[in-house]
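Asker: Sharing a structure with you now.
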Amino acid sequence: IDRASADSWSCSSIPAGNGRVASAHGSLPLPAPATALLLRGCPLHDDGVEGERVTPTGAAILRYLTPSFGARPTATLDQIGTGFGTKRFAEFSNIARVSTYISHVSPDVESITVCEFEVDDQTAEDLAVALDNLRMAPGVLDVVQMPVFAKKGRISTHVRLLVEPGRSEAVIEMCLSETTTIGVRSHEAERRTLPRSLREVTTPSGAVTVKTVQRPGGQTTAKADMDDLAGTADGHTNRQRLRRLAEEDAAQ
């Protein structure tokens, strides 16, 4: 499992088995109690075959992998591994097959609300506090600010927030209370994002969190968290050295 270094696992539905199994406590219905406990939440089906179809060990492996169930994802077949069991079935061969695939990544599409406003009469230090508070507000996905020329040639700050659906009313109210703006514009939009995950990598100077992203075509890119780098290394050269080590480790 470790050598596969898979980003995710998927599995077909699991045969529940039919009949009973002998145990130290007597004859028990299938699946066995330990197996049934481990398979909670997993989709099962009846393939009509008598006997035990999933052992407690197999169920424990599935629980560890936490695979997704259902249709096989669209991907390019890379490698195949096949194992044969000792138990014999009259209807089919007793084999387990594990295949690795190179996924074809497509961006996830989600609906968001974009909230925007301008500020020209709030001090920079107070606006910074306000925007930090907005970044921590429930439902706020991102906050950006940029300098713009507003009415009467005044240099102003344009603020744009990306907000989860259904959260915009509370966020707009917070914008009006945290800043000096007297109006907020909002509209619905679509956002496309690539699959990403966070991974903690151990470096000679300490742990560093790295964000890995699956790019279209199967490539994986990695970006180390600068806050972690700042806390583990002094000086630009040392930070860049640790960044390369952490990102190379996470991208493997």
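Going by this note's numbering, 58 is the number at position 72 of the sequence shown; the sequence numbering is gapless.
Where a beta carbon is used, it is the ideal one built from N, C-alpha and C, also for glycine.
In this text the structure is predicted, and so the values were computed from the model without any measurement.
1) Would you mind stating whether Gly169 and Glu150 have Cβ atoms separated by less than 9 Å?
2) With distances taken from CA atoms, which of Ser85, Phe75, Leu162 is nearest Ile66?
3) Okay, do the region 122 to 139 and the region 189 to 199 touch, 3+ Cβ pairs below 8 Å being the bar?
4) If distances are taken between C-alpha atoms only, which option among Leu148, Leu48, Gly12, Ser(-4) comes closest to Val130?
5) Output yes or no for whether 9 Å exceeds the beta carbon distance between Arg(-11) and Leu25.
6) What is the DSSP secondary structure of Ile141, counted as helix, strand or coil?
7) Spell out the partners DSSP gives Lys209 in its beta bridges.
8) For Ala156, which residues in the same chain have their Cβ closer than 8 Å to its Cβ, ignoring the five residues on either side in sequence?
9) Within the continuous beta strand (DSSP E) that includes Gly67, where are the two ends?
10) Go through its chain and collect everything with a Cβ distance to Leu215's Cβ below 7 Å, but skip five positions before and after it.
11) Can you give me the C-alpha to C-alpha distance between Ala240 and Lys137, rounded to a whole angstrom?
12) Is the CB-CB distance between Pro15 and Arg39 below 9 Å?
13) Would Leu30 pass as a contact of Cys(-3) if the rule is Cβ separation under 9 Å?
14) Using alpha carbons as the reference points, say which of Gly192, Ala208, Gln205 lies closest to Asp220.
15) What's the gap between the Cα of Thr72 and the Cα of Ser183?
16) Do Phe75 and Val35 come within 9 Å of each other at the CB atom, strictly closer than that value?
17) Considering only their Cβ atoms, is the gap separating Thr167 from Glu104 smaller than 9 Å?
18) If the criterion is Cβ atoms closer than 9 Å, does the pair Pro53 and Ser142 meet it?
19) Verify whether the separation of the beta carbon atoms of Ser89 and Ala110 is less than 9 Å.
20) What span of residues does the beta strand (DSSP E) with Glu164 cover, start to end?
Answerer: With the given structure in hand:
1) no
2) Ser85
3) no
4) Leu148
5) no
6) strand
7) Lys197
8) Ala123, Pro124, Gly125
9) 61 to 70
10) Val194, Arg225, Leu228, Arg229
11) Summary: the structure shown does not reach residue 240, with the chain confined to residues -13 through 238, and so no result is reported for it.
12) no
13) no
14) Gly192
15) 39 Å
16) yes
17) yes
18) no
19) no
20) No beta strand (DSSP E) contains Glu164, which is instead part of the alpha helix (DSSP H) from 154 to 164.
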